[in-house]
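Participant: Residue numbers (our numbering), protein chains in the order written: chain V, 1 to 381; chain W, 1001 to 1381; chain R, 2001 to 2381; chain B, 3001 to 3381.
Below is the structure I would like to discuss, written out as structure tokens.
Number of protein chains: 4
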Amino acid sequence: MGMIGGGRDAFIGSIHRLAANMDGLIELSCGALSSNPEIALLSAKDLFLPESRSYINYEKMIVAEAALPSDIKIDFITIVTPNFAHFAPAMMALEYGFNVVIEKPMTFSLEEAKQLQQKVIETGLILCLTYTYSGYPMVKQAKAMLNQGKLGKIRKVWVEYPQGWLSTLSEKEGNVQAAWRTDPSKSGKSSVMGDIGTHAAHLAEYITGSKITDVCAELNTIVEGRAMDDDGAVLLKFDNGSKGVLMASQVAAGEENALKIRIYGEKGGIEWLQHEPNTLVVKWFNEPTQILRAGSNYAYLSSFATHNCRTPGGHPEGYIEAFANIYRNFALTLNCSLDGRKPTPEMLDFPTVEDGIRGMAFIDTVVASSKSEKKWTTFNL
Amino acid sequence: MGMIGGGRDAFIGSIHRLAANMDGLIELSCGALSSNPEIALLSAKDLFLPESRSYINYEKMIVAEAALPSDIKIDFITIVTPNFAHFAPAMMALEYGFNVVIEKPMTFSLEEAKQLQQKVIETGLILCLTYTYSGYPMVKQAKAMLNQGKLGKIRKVWVEYPQGWLSTLSEKEGNVQAAWRTDPSKSGKSSVMGDIGTHAAHLAEYITGSKITDVCAELNTIVEGRAMDDDGAVLLKFDNGSKGVLMASQVAAGEENALKIRIYGEKGGIEWLQHEPNTLVVKWFNEPTQILRAGSNYAYLSSFATHNCRTPGGHPEGYIEAFANIYRNFALTLNCSLDGRKPTPEMLDFPTVEDGIRGMAFIDTVVASSKSEKKWTTFNL
Amino acid sequence: MGMIGGGRDAFIGSIHRLAANMDGLIELSCGALSSNPEIALLSAKDLFLPESRSYINYEKMIVAEAALPSDIKIDFITIVTPNFAHFAPAMMALEYGFNVVIEKPMTFSLEEAKQLQQKVIETGLILCLTYTYSGYPMVKQAKAMLNQGKLGKIRKVWVEYPQGWLSTLSEKEGNVQAAWRTDPSKSGKSSVMGDIGTHAAHLAEYITGSKITDVCAELNTIVEGRAMDDDGAVLLKFDNGSKGVLMASQVAAGEENALKIRIYGEKGGIEWLQHEPNTLVVKWFNEPTQILRAGSNYAYLSSFATHNCRTPGGHPEGYIEAFANIYRNFALTLNCSLDGRKPTPEMLDFPTVEDGIRGMAFIDTVVASSKSEKKWTTFNL
Amino acid sequence: MGMIGGGRDAFIGSIHRLAANMDGLIELSCGALSSNPEIALLSAKDLFLPESRSYINYEKMIVAEAALPSDIKIDFITIVTPNFAHFAPAMMALEYGFNVVIEKPMTFSLEEAKQLQQKVIETGLILCLTYTYSGYPMVKQAKAMLNQGKLGKIRKVWVEYPQGWLSTLSEKEGNVQAAWRTDPSKSGKSSVMGDIGTHAAHLAEYITGSKITDVCAELNTIVEGRAMDDDGAVLLKFDNGSKGVLMASQVAAGEENALKIRIYGEKGGIEWLQHEPNTLVVKWFNEPTQILRAGSNYAYLSSFATHNCRTPGGHPEGYIEAFANIYRNFALTLNCSLDGRKPTPEMLDFPTVEDGIRGMAFIDTVVASSKSEKKWTTFNL
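The structure is reproduced here in structure tokens:
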């Protein structure tokens, strides 16, 4: 693995490394870890990268690594830069024959996303997108249960994502993470929908297996002086006829990262909260609620859930393990691809360029709806 | 107290009696307990009412009771009939000089509500409306904290009310409660908003002290064959500039009565769930979350909360006590009124005709918005 | 109902009145509400008792009431004085032909308890003891499930009762409740075991249907200057071969009234916490945990549970309702007895003199064990 | 890192590898992964170990690795065999100059533990013991708060460890993990206390900073046909004058791994449950309960907590991260030691041979107490 971005002071880069390290399948071999060449090299040193594979920018890294012998050459490149700096390195990496992992949202604009999709199709390479929350075993369990019709016909989706970290104008007080996320030139069309709304929308589509067809959105800039939206709510229609509500806020003061989804069908409902990710609450009409737990009650868990558990029930796995599940499934699929084997459905269960492009279209559609006086705006891809 | 409605097989009438009994301030003295004269008399017998004060219809009761000497005569009449049968007995009771307690929603239509308001003003009598959930001490605590500015400027309100009991077409299978609530001739313009949405809207306005000014609503009839809506979502604007989302469903299969409200301000947020009503979660920006508990930590509780607690912390009070708080405050206010004393602000803290009229206007506005292709509809009173 | 004790400043007396009022089956008709004659009369006035039936002491009340015509005379007397003042009025009430309700622990000493039992047997009257927590519907559900063998053979009982209210030497600072409870001349042999340990022991025996046979106890006086114990732990053996642990503390600073019981059998375990009394968690070996809820899932609930529910699921009932269940079952049984009907098993399900005597023996045995250097002390009755 | 044990079908070995991998500080370089030479080699292959460093037994590994040049040679050896096979490889590793990580309990007997301690002292090498649960940041936070006197004088410790996985005689049905843990020749004097009781005792001593001085224990073999105990309860005295209760069971059917500790002091109490490890509940006398969260509210967290967090609040870390914290602190300390730097107190905060020896003495004392008819048995080291 080579990494672009993720140097000192970055947040998500270190998570990617923890996740990639975990299962002993992936080794960080090279990096262009910052747009500042000096920081790039210092960061590489922090991570014990050899000087010869510590690069001052991604262009040099891709060119140099592509020229290495195949037994040394990296198999894929991970891109963990801010949103505006995903597209160029991703395109170049694919052109030079590298598979790619990208932090979400996939690109800065829907147009870029479409070009990237085209390139993936052309090259036949794998693009993995780290919609982290779909890596949790109990999210996969929920998807499997809905897919098997356990809840009957799906009727209603409620997904919410309250965060509070942007409750003050911290982007003006030196918070680097806040600064680029609230800068329209770096973040994209929407801060709240790009940063967290896409996670929520992906989770809803992933678990239900349905697609959003229409939205009615309202976006707000709640903190005075902020250059972008930081809060929003969206009414949803899905292609299976169900309805939904998506709520996302970066200014829900006092909240951490409380992504939660509830889905109701004819026979019951599921509830999953990211803060307690090893628990899936299954509510039944006229029957007692059941608590399904990762690593326990194996007879009740789908192979898609158990494949993504490392520990027995009661030994909690968390965010890094969910992230690592995406990396592991990507790596297992890649290994199959390299060896000419056929990956299992469980291995193939990671987000790809198709999910990325829907995320970008979701942002576009929500922003358009928010500006519209019409109630409903069609989700266009 | 005299009671209209609430005979055998009724649900809410028995709750009213439990609540009214609790504190030893109110005695059930007479009743016209069913629209069916025979059942009315049998129900009165069940409740040990004297035959002389067991009436076959409300008209007879009001006339007869009004003629009794003042030391025997009831002070007020409670109306617990289905929605369509609130208005006429309420008007007549007021005309005959009786104070009134009415189950929500106050009337069948906004027009009736306005007439009732007019009559209350004319007579100077008290009309108490049983928006139960505002009777909980920790709801009052939330209101007090917001009123004192503890959370800073209010930014966002999320209120949700999932129930699952109408997940099937039970109105066609002999469920009496379901039958009238899903019958437009008895329930009003909206089932889901009349039955539970008004509770949620009232709670939001009560705690924040703000008024809804605009709504963007979507109502659904999810169960096939049902004559009325059973699910809905509403985006909200408030007169203090904050925004909100209200979700209500009677078909969230597996849910009981999970009314929950979260309100976020500049400095933090509050969270209250009716299933665990003695707990108020207070989340702070950059400080630890606090758990306030009814009956405990008196130094932290408002007098509006403590006035409505009967037991020390850890001896849970519930729904009947919340209901009883409304009755007790109404009765205390009524006693003051009869004695010429001035009630305290804590006593006066029960829902009245003003709340009732806003509830009816909320239903009207939401139904209008749901039919509109415009995003926003103004809340008109 | 006549009441002895429970005047101004008393705690449990007002709970008894709330509970007795609730269901409209019981009316407070007379009282000797304080050992201080003046306060007795003022307290009676507070409660709207007629002067003619407001007594300055219990002896006068019992004599006077016994002389009233039977259609006016009370059916039973409730004794809510401190522990040391239970026995004399209870004996006298029984002698004068009144049924009796007593707050736990039943008496000051085991010797008194045995005499009381003898008197109950002689008179054929009913003595009801308010072990409140056995009045909760989900406690009754747990008992029914164990009784039906749902968990298989019982193996282990863990019951705990942490309170924090005596964390400081508040008995020296004017706290009346603390003062008599920590005074050996008023409270009995043990404060912590008398006040709360007996509740825990009763709950364990009630739910399991087994009897404690041996204890290994350790009692502590944790707050310096206190005249009695305020904390303890007890290892238990039961007559069905299972083992248990009972923990009780009045100095668990920060705790409210967190009585909790867990019982494990061959096939699974149950967990019930008094702070969330409408929920019974049922854990199964190798199957998902189930959440049973009062008022919901009626097909899964025992008649002993549903008989004691007033509201549908999600409308929480609490401590006062649990208390009221004891009063209601006692009153229903008493009505049957007065009418010559046979009470149902559900009506008969309230604590009696047998439970009271076991409670007193539990206190004695635990105190003896605590003083012993031997590990196990036999529970002797 | 070299690993002894942990081959195919082992449980804890894979956890050690996940934990060691996570932070990129440790690399698995060699192994003797099974007592079965064939499985040892196959397991090494599974883990991509080079053939030259895949050993058929630990003796060969230690000798061969010790002979390697220092830039290739491993720095430490991890021993993850069953309990009876800890001592010999640990002694040999120390003799050959390797630092050692050992899975708990440290040895088979107290005698072995004392010899190991002696060897550690002689060699000056580091022995790290993986009492996993002390690696959680909120456990460290609890320790820091108690150490700072935030709760005042400590009064009471309740620690419980219910598991249900041994509820049936699975050791006779091919469960390898169950088989050795319930075999006295492999597990030691006590199954329940060796496997989980030591974790609970360590947690209590670690957080309070106090030592157990006396125990009153009762051990049970609940599942018929089992060769060792599987359940127990222990009353505790600590050297700071506080008292405690420790409950551990492997047959609490339906439980996963629900280690929980509550500690009460004069001013309040803390509560930590391993199933939700990122939360520390802090209860205060007469003040609202606070919820401290890993990664959030940094101003409230001790450096010992924050040093062991990898993610911001709301991105849950779990069991593998707690394990990894022990490895990371050990590795950071070892690096300091190799470089001649002084480790920080936060780095040095991992369990060592001293903790291991106390664990073995705890097992011995509890077993002796369980056989004794005396109430209290002195904890002898």
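Every residue, glycine too, gets a C-beta built ideally from N, C-alpha and C.
1. Which same chain residues end up closer than 6 Å to residue 1233/W when comparing Cβ atoms and leaving out the 5 residues on each side of it in sequence?
2. Do the stretch 2026-2046 of chain R and the stretch 1063-1078 of chain W touch if we need at least three Cβ pairs shorter than 8 Å?
3. If you follow the beta strand (DSSP E) that residue 3290/B is in, where does it begin and where does it stop?
4. Hey, residue 1268/W and residue 1151/W: beta-carbon distance below 8 Å or not?
5. Within 8 Å of any Cβ in chain V, is that where the Cβ of residue 2288/R sits?
6. Using the rule of at least 16 other Cβ atoms within 10 Å of the residue's Cβ for burial, across every protein chain shown, is residue 1339/W buried or exposed?
7. Is there at least one Cβ from chain W nearer than 8 Å to residue 2043/R's Cβ?
8. Starting from the Cα of residue 2141/R, find the closest Cα among 2356/R, 2153/R, 2334/R and 2208/R and give me that residue.
9. How is the beta strand (DSSP E) around residue 2215/R delimited, first residue to last?
10. Check the Cβ of residue 2277/R against every Cβ in chain W and list those closer than 8 Å, keeping chain order.
11. Between which two residues does the beta strand (DSSP E) harbouring residue 2162/R extend?
12. Check whether chain R comes within 8 Å of residue 3220/B, counting only Cβ atoms and requiring the distance to be less than that.
13. Is residue 329/V helix, strand or coil by DSSP?
14. I need the DSSP call for residue 3128/B, collapsed to helix, strand or coil.
15. Report the residues of the stretch 3133-3160 of chain B with a CB closer than 9 Å to any CB of chain W, ordered along the chain.
16. Measuring CB atoms only, is the stretch 2113-2128 of chain R touching the stretch 2274-2282 of chain R, in the sense that at least three cross pairs come out at less than 8 Å?
17. Measure the CB-CB distance between residue 2016/R and residue 2024/R and report whether it falls below 8 Å.
18. Closer than 8 Å, CB to CB, is residue 2325/R near chain V or not?
19. Touching or not, the stretch 3126-3140 of chain B and the stretch 3302-3314 of chain B, by the rule of three or more beta carbon pairs under 8 Å?
20. Under 8 Å between C-beta atoms, does residue 292/V make it to chain R?
21. At a CB-CB cut-off below 7 Å, which residues of chain R make contact with residue 3300/B?
22. Check the Cβ of residue 297/V against every Cβ in chain C and list those closer than 7 Å, keeping chain order.
23. So residue 233/V is in the beta strand (DSSP E); what residue range does that whole segment cover?
24. In chain R, what lies closer than 8 Å to residue 1072/W by C-beta?
25. To the nearest angstrom, how far is the alpha carbon of residue 199/V from that of residue 163/V?
26. So for residue 1272/W, helix, strand or coil by DSSP?
27. Tell me the start and end of each unbroken alpha helix (DSSP H) in the stretch 1080-1139 of chain W that is at least 4 residues and wholly inside, in chain order.
28. Relative to the C-alpha of residue 1149/W, which residue among 1376/W, 1263/W and 1079/W is closest?
29. Using a Cβ-Cβ distance under 8 Å, would residue 3197/B count as near chain R?
30. Just to confirm, is the Cβ distance from residue 381/V to residue 368/V under 8 Å?
31. Against chain R, which members of the stretch 3252-3264 of chain B pass a CB distance test of less than 7 Å?
32. Does residue 3362/B come out as helix, strand or coil in the three-state DSSP assignment?
33. If you measure between the beta carbons of residue 294/V and residue 318/V, is that distance less than 8 Å?
34. Counting Cβ pairs, one atom from each stretch, are 3 or more of them under 8 Å apart for the stretch 3027-3039 of chain B and the stretch 3338-3352 of chain B?
35. Would you list, in sequence order, the uninterrupted alpha helix (DSSP H) runs of no fewer than 4 residues that lie entirely inside the stretch 2173-2202 of chain R?
36. Where does residue 2076/R sit, in a helix, a strand or coil, going by DSSP?
Facilitator: Concretely, from the data shown:
1. 1218 and 1247
2. no
3. 3287-3293
4. yes
5. yes
6. exposed
7. no
8. 2208/R
9. 2212-2220
10. 1316
11. 2154-2162
12. yes
13. helix
14. strand
15. none
16. no
17. no
18. no
19. yes
20. yes
21. In chain order: nothing, as chain R lies at least about 17 Å away.
22. The structure shown contains no chain C; the protein chains it does contain are V, W, R and B.
23. 231-238
24. The contacting residues do not exist; residue 1072/W stays about 16 Å from chain R at best.
25. 13 Å
26. strand
27. 1087-1095 and 1110-1123
28. 1263/W
29. no
30. no
31. 3252, 3253, 3254, 3255 and 3264
32. helix
33. no
34. no
35. 2176-2181 and 2184-2187
36. strand
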